[in-house]
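Per numbering that gives the first Met the number 0, residue 0 is the first one in the sequence shown, and the count goes up by one each step.
Positions of the beta carbon are idealized from the N, C-alpha and C atoms, including for glycine.
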Amino acid sequence: MPVSRARASAVVRGACPHDCPDTCAWQVTVEDGVAVRLAGDPDHPFTRGTLCAKVNHFLDRVYSPDRILHPLRRAGSKGEGKFERVTWDEALDGVADALRRIIETDGATAILPYSYYGTQGLIQATGMDRRFFARLGASRLERNVCTAAARAGIAVTMGNRPGMLPEDIVHSRFIILWGTNTIVTNLHLWPFIREAREAGATLVVIDPVKTRTATAANWHLRPMPGTDAALALGMMHVIVAEHLYDADYVARHTVGFDRLRARLAEYPSERVAQITGLDAAEIIRLARAYATTRPAVIRPLVGMEHRTHGAMAFRTIACLPALVGAWRDRGGGLLHMTHRLHFQALNAAAVEMPELQQPGVRAINMVQLGRVLTDPDLRPPIRALIVYNSNPAAIAPNQNLVLQGLRRDDLFTVVLEQFLTDTARHADYVLPVTTQVEHWDLNWSWGHTYLTLNRPAIAPCGEALPNSEIFRRLAQRMGFHDPCYRETDEEMIRKALDSRHPYLHGITFERIMQDGWASLSLPEDYRPFADGGFATPSGKVEFYAESVAAQGLDPLPAYVPARESPAGDPVLAARYPLALIAAKSGLHFLNSTYVNLPRHRRAEGEPLLDLHPEDAASRGIRDGARVRVFNDRGSVEVRARIGDRVRSGVVAMPSGWWASLSPGGSSANALTSDGISDLGGGGDFHDTLVEVEQQHWTAARGSP
Ligand SMILES: Nc1nc2c(c(=O)[nH]1)N[C@H]1C(S)=C(S)[C@@H](COP(=O)(O)OP(=O)(O)OC[C@H]3O[C@@H](n4cnc5c(=O)[nH]c(N)nc54)[C@H](O)[C@@H]3O)O[C@H]1N2
Ligand SMILES: Nc1nc2c(c(=O)[nH]1)N[C@H]1C(S)=C(S)[C@@H](COP(=O)(O)OP(=O)(O)OC[C@H]3O[C@@H](n4cnc5c(=O)[nH]c(N)nc54)[C@H](O)[C@@H]3O)O[C@H]1N2
Ligand SMILES: [Mo]
C-alpha cells in the first residue's frame with residue numbers, strides 16, 4: 000500500500016457477522032479505501048471495546064491472498080479443486096440454465112438450498128435468498144443443526160418466550176454454566192460473570208470435559224455425556240424431598256407437580272450417581288446449594304443439545320428454576336437465548352417474505368445432508384445444491400457420506416464463498432462473496448439485546464458480491480420480475496425497522512446510521528416470569544406436558560440413554576467403548592471458519608485427542624503418540640494428549656477442522672452420528688462411540 004502524507008481516513012461502524020452469541024459492534028478505520036484497523040466499539044455495553052482471538056484478525060480474512068475474487072467454473076473432476084475464471088454473466092447464465100434444465104426434468108424440488116449462519120445478519124442470511132428459493136419452489140431446508148433441539152425442549156417446559164437477560168447475570172449469586180464453554184464460545188458474557196463473582200457469586204460448570212471455562216470455575220461437575228437429565232432429576236429429587244422448593248411458586252405457576260414428584264422417586268441420589276458417574280454426595284450438595292442460594296441462574300447454550308435426547312435434557316433442566324422459584328429474582332431463572340426479543344421487535348417477515356413460499360413443498364433436514372444426497376430412493380433426487388453461509392463438508396455430521404454425495408457427477412453444485420473450502424472444492428460454480436466490511440447488514444443477536452447496523456467500510460474486493468446481490472441477479476435471470484426482487488439492502492433494512500413494536504421505540508434507520516447500534520427498548524427490571532405468564536398451552540411451567548404426550552413422547556421429564564451408548568446399544572459399545580465429544584474447543588476458529596488462515600491455524604496448532612490415562616494405558620498409547628480414532632462411519636488420525644481433561648470412557652477433540660487440512664485427510668465429523676434428536680429435528684453428533692488405537696504410520700504418510 001503506498002503511503003501518502005494526506006490520507007483520507009474514516010471510521011465506519013459495523014457488526015461482527017459471526018454465528019456467536021456476542022455479536023460485537025466494531026469500528027473499521029479506513030485509509031484511502033483500505034481497511035487498516037478493526038477494533039471493538041469501546042462504548043458498546045456488551046462488546047466493551049474488545050473483540051476475540053478470532054476477530055481481532057478479521058482483516059487477515061478480508062485481504063487474504065486466498066480470497067476468491069472472481070467467479071469460477073469447474074475445470075477438473077468433481078472435488079479435484081480445478082477451476083477456471085469466468086465472468087459474472089457466464090457464471091450466472093450457467094447457473095440459471097442448469098436450474099432451468101433441472102426444473103424441466105425433475106421439478107424445482109430437485110433443487111436444495113443449503114445455508115446456515117456463516118454470516119448472521121438479517122439481510123445476508125435470511126433476505127433475498129429466501130425470496131428467491133420460495134418463488135423457485137425449491138425444497139425447503141430445515142436449518143436444525145444448531146439450537147433446534149434446545150429450543151424445542153425448553154418450549155415444552157416453559158414455552159418459547161425468552162428468559163433472563165444476559166447482563167442481569169451480574170445480580171446472580173449462584174451461576175451454573177451447564178454444558179457451555181463460555182470463555183471460548185461466549186467470551187463477552189465472562190466479564191459480567193466475573194462481576195457477579197466479585198460480589199460473591201459461586202460459579203459451577205457442568206461439563207464432561209475440563210474446558211477452559213471449567214478450569215476457571217469454583218466447582219466443576221463432570222457427568223458422563225448425555226446424562227444431564229438424570230442429574231437434573233436427581234437435583235429435583237433432593238430439592239423436593241428436603242422441602243427446599245418454592246411451594247407458593249409451584250402452586251401458582253406450574254402444572255403437574257404431583258406427577259413430577261412421583262417420577263422423582265425413580266431418581267434417588269444413588270441411582271443418579273450410577274447413571275452420571277458423579278458422587279451421590281456431590282449431587283446432594285449441588286441440589287442444596289442451588290435451591291438455597293439466590294438469585295440462582297442456569298446458563299445452558301448449545302453443546303448439550305447435540306444428542307439423541309437433547310431436547311429432553313433441556314426440557315428437564317428448564318424445570319429447575321420454576322421448582323425453586325428462581326424466576327422471582329433479578330438474576331435468577333434460565334438464561335438461554337435472546338434472538339426472540341429481536342425477532343419480536345423487527346419486521347423480519349418483510350425481509351424474508353414467507354408469503355412467497357409455495358404450499359406443500361417438501362422439507363429436508365440439513366443435519367442429514369449426506370443421507371439425502373446419497374439416498375437412491377429419494378424422489379425427486381437432489382440434482383442441484385446451492386450452498387451459502389455454510390461449509391457442510393466440514394461441519395455436517397457423517398462427513399464421508401457428505402463427501403460421497405458432493406462427489407456425485409450428476410449433482411450440480413453452486414457454492415457462494417469467500418474461500419475455497421472443502422465444500423467449494425466440489426462445486427461446479429464458485430461465486431465470490433463479500434465479507435462483512437464490504438456489504439450492508441442489520442445484525443440481531445442471540446446473546447444480548449443490542450441491534451447493530453453494519454455499513455460497508457470498503458468497496459468489494461475483486462469482483463465479490465454480497466449474497467443478496469447474487470440472488471437478486473439470479474432472480475432476474477430466472478424471470479422473477481416482481482419489484483421485491485429488485486429491493487436494495489438498504490430498503491430491506493428500513494423495512495425491518497418499520498415494525499412499530501415497542502422494543503424498537505426510538506430506533507430509526509437514521510439513528511442507527513449515526514450511532515451504529517441501539518439497545519432494544521426493554522423494561523429496566525426485566526423479570527419475565529416473576530409472576531408466571533409462561534407461553535405454554537396452560538400458561539404455566541409444565542412439569543407434566545400434555546403437548547408432548549400427544550406426540551407420543553414421555554410427558555414427564557426423564558433420562559433416556561442415547562442410541563449410541565453402553566446402555567442404548569451394548570453390542571456397539573463393546574466394539575466402540577469410548578464416547579466422543581467433538582465440540583467447539585478452538586479459541587481461534589468459529590466453526591470451520593478461519594481454519595484455512597495461517598495465523599489462526601498456527602495458534603491452534605493441530606487437532607488433539609484428549610484421552611484419560613487409564614484408557615491410554617489399556618491401549619498402550621503414549622502421550623503425544625499418533626492415534627487412529629475410528630468407528631463404522633470413518634476414521635481420523637490425530638495426536639493423543641493424555642491427561643485429566645476427560646474422564647475415563649470419554650474422549651474429546653475439536654470440531655471445525657477441514658478434512659483437507661487435517662492429518663490423514665478427515666476431521667472429527669468423519670466419526671459423528673447423523674441421527675436426529677428427540678424433538679426439534681436437531682443433530683445427535685455428540686452421541687458418537689469410537690475406539691482409539693496407536694497409529695502405525697506407513698512410509699507414504701511419514702514417520703511417527
Ligand atoms: N471460539 C468459538 N466460539 C464459538 C463457536 C466456535 O466455533 N468457536 N461457535 C459458535 C456457535 S455456532 C455456537 S452454537 C456456540 C456454542 O456454544 P456452547 O454451547 O458453549 O459450545 P459447544 O462447544 O457446542 O458445547 C459446550 C460444551 O458442551 C459440552 N457437552 C457436550 N455434551 C455434553 C453433555 O452431554 N452434557 C454436558 N453437561 N455438557 C456437554 C462440551 O464438552 C462443550 O464444552 O458457540 C459459538 N461461539
Ligand atoms: N462435530 C461438530 N460439528 C458441528 C458442531 C459441533 O459442535 N461439533 N457445531 C454445529 C453448529 S452449533 C453449527 S452452528 C454448525 C456451523 O456450521 P456453518 O454455519 O457451516 O459454519 P462455518 O463452518 O463457520 O461455515 C460458514 C461458512 O460461511 C462462509 N461465509 C462467511 N460469510 C459469508 C457470506 O457473507 N456469504 C457466504 N456465501 N458465505 C459466507 C464462511 O467462509 C464459511 O465457510 O456446525 C455444526 N457442526
Ligand atoms: Mo451453532
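Does the distance from the C-beta atom of residue i to that of residue j stay below 8 Å?
| i | j | result |
| --- | --- | --- |
| V716 | H695 | Beyond the ends of the chain as shown, which are 0 and 703, falls residue 716; an answer cannot be given. |
| R382 | F411 | yes |
| A213 | T315 | no |
| I153 | G178 | no |
| G712 | A107 | The first residue shown for the chain is 0 and the last is 703, placing residue 712 beyond what the model contains. |
| L58 | A24 | no |
| Q435 | G126 | no |
| S634 | A669 | yes |
| R130 | Y484 | yes |
| P332 | F191 | A quick correction: the sequence has Gly, not Pro, at residue 332. No, the Cβ-Cβ distance between G332 and F191 is not below 8 Å. |
| V628 | I620 | no |
| V429 | E416 | yes |
| P455 | L68 | no |
| A596 | I511 | The residue you asked about is not Ala; residue 596 is Leu in the sequence shown. Not a contact, by the Cβ cut-off of 8 Å. |
| R160 | A544 | no |
Please classify residue i: does DSSP put it in a helix, a strand, or coil?
| i | result |
| --- | --- |
| E603 | helix |
| R700 | Unreliable positioning characterises R700 in this predicted model, as indicated by a pLDDT of 44, which lies under 50. The coordinate reading is nonetheless provided below. If DSSP states are grouped into helix, strand and coil, R700 belongs with the helices. |
| W656 | coil |
| I641 | strand |
| Y248 | helix |
| I733 | In the structure displayed, the chain extends from 0 to 703; residue 733 sits before or after that span and is not available. |
| N722 | The chain is shown from 0 up to 703; residue 722 falls before or after that span and cannot be answered. |
| W189 | helix |
| P1 | Note that P1 scores 49 on pLDDT, short of 50, meaning its location in the model is unreliable and no value can be drawn from it. |
| V10 | strand |
| G682 | strand |
| D609 | strand |
| W25 | strand |
| I316 | helix |
| G330 | coil |
| Q694 | coil |
| P41 | coil |
| D92 | helix |
| D18 | coil |
| V323 | coil |
| R139 | strand |
| R72 | strand |
| P597 | helix |
Any beta carbon of chain D sitting closer than 8 Å to that of residue i?
| i | result |
| --- | --- |
| A124 | Considering every chain present, this structure includes no chain D. It has just one protein chain. |
How about residue i: is its Cβ closer than 7 Å to a heavy atom in ligand 5?
| i | result |
| --- | --- |
| F684 | Absence of ligand 5 is noted for the structure shown, with ligand 1, ligand 2 and ligand 3 being the only ligands found. |
- Query: Given 8 Å as the limit, is there contact between the stretch 569 to 581 and the stretch 682 to 689, that is, 3 or more CB pairs closer than that?
  - Reply: Contact between the stretch 569 to 581 and the stretch 682 to 689 is present, because at least three Cβ pairs lie under 8 Å.
- Beta carbon nearer than 6 Å to a non-hydrogen atom of ligand 3: Matched residues: D18, C145, V301.
Query raised in the report: Using 8 Å as the threshold, is the stretch 266 to 278 in touch with the stretch 135 to 150, meaning 3 or more CB pairs across them?
Result: As far as the Cβ criterion goes, the stretch 266 to 278 does not touch the stretch 135 to 150, which means the pair count is below three.
Count the C-beta pairs between the stretch 173 to 193 and the stretch 393 to 410 that are closer than 8 Å, then say yes if the count reaches three, no if not. Contact fails: fewer than three Cβ-Cβ distances are below 8 Å.
*Fully enclosed by the stretch 364 to 428, which beta strand (DSSP E) runs are 3 residues long or longer?*
Listed in chain order, they are 383 to 387, 411 to 416.
query = Quick check: the stretch 519 to 526 against the stretch 308 to 324, are there 3 or more CB pairs under 8 Å?
reply = When C-beta atoms of the stretch 519 to 526 are compared with those of the stretch 308 to 324, fewer than three pairs fall below 8 Å, so the two segments do not count as touching.
Please determine if the stretch 489 to 505 and the stretch 99 to 115 are in contact, where contact requires at least 3 C-beta pairs separated by less than 8 Å. They do not touch, by the three-pair rule.
Enumerate, from N- to C-terminal direction, the unbroken beta strand (DSSP E) stretches of 3 or more residues contained entirely within the stretch 516 to 582.
Listed in chain order, the beta strand (DSSP E) elements of length 3 or more contained wholly in the stretch 516 to 582 are 516 to 518, 577 to 580.
Sequence ranges, alpha helix (DSSP H) only - wholly within the stretch 271 to 301, length at least 4:
Listed in chain order, they are 279 to 291.
When you compare the stretch 209 to 225 with the stretch 652 to 671, are there three or more beta-carbon pairs, one atom per stretch, that lie closer than 8 Å?
No contact exists between the stretch 209 to 225 and the stretch 652 to 671.
Quick one: which unbroken beta strand (DSSP E) runs of 3-plus residues sit fully inside the stretch 157 to 227? Chain order, please. Taking 3 residues as the shortest admissible run, the stretch 157 to 227 contains the following complete beta strand (DSSP E) segments, listed from N- to C-terminal end: 173 to 177, 201 to 205, 218 to 220.
Cβ contact (3+ pairs, closer than 8 Å) linking the stretch 165 to 179 and the stretch 295 to 302: Three or more Cβ pairs closer than 8 Å define a contact, and the stretch 165 to 179 meets that threshold against the stretch 295 to 302.
* To do: Would you be able to state if there are at least three C-beta pairs under 8 Å between the stretch 160 to 171 and the stretch 284 to 300?
  => Yes, they touch.
| said: For the structure I just gave you, are there three or more beta carbon pairs, one from the stretch 17 to 31 and one from the stretch 45 to 52, closer than 8 Å? | reply: Contact between the stretch 17 to 31 and the stretch 45 to 52 is present: 3 or more CB-CB pairs across the two stretches fall below 8 Å.
*Do the stretch 488 to 497 and the stretch 332 to 351 meet, that is, are 3 or more Cβ pairs less than 8 Å apart?*
They touch, by the three-pair rule.
**Prompt:** Hey, is the stretch 327 to 343 in contact with the stretch 356 to 363, meaning 3+ C-beta pairs nearer than 8 Å?
**Reply:** As far as the Cβ criterion goes, the stretch 327 to 343 does not touch the stretch 356 to 363, which means the pair count is below three.
At least three beta-carbon pairs within less than 8 Å, the stretch 507 to 515 to the stretch 215 to 225
The answer is no - the stretch 215 to 225 does not touch the stretch 507 to 515, with fewer than three Cβ pairs under 8 Å.
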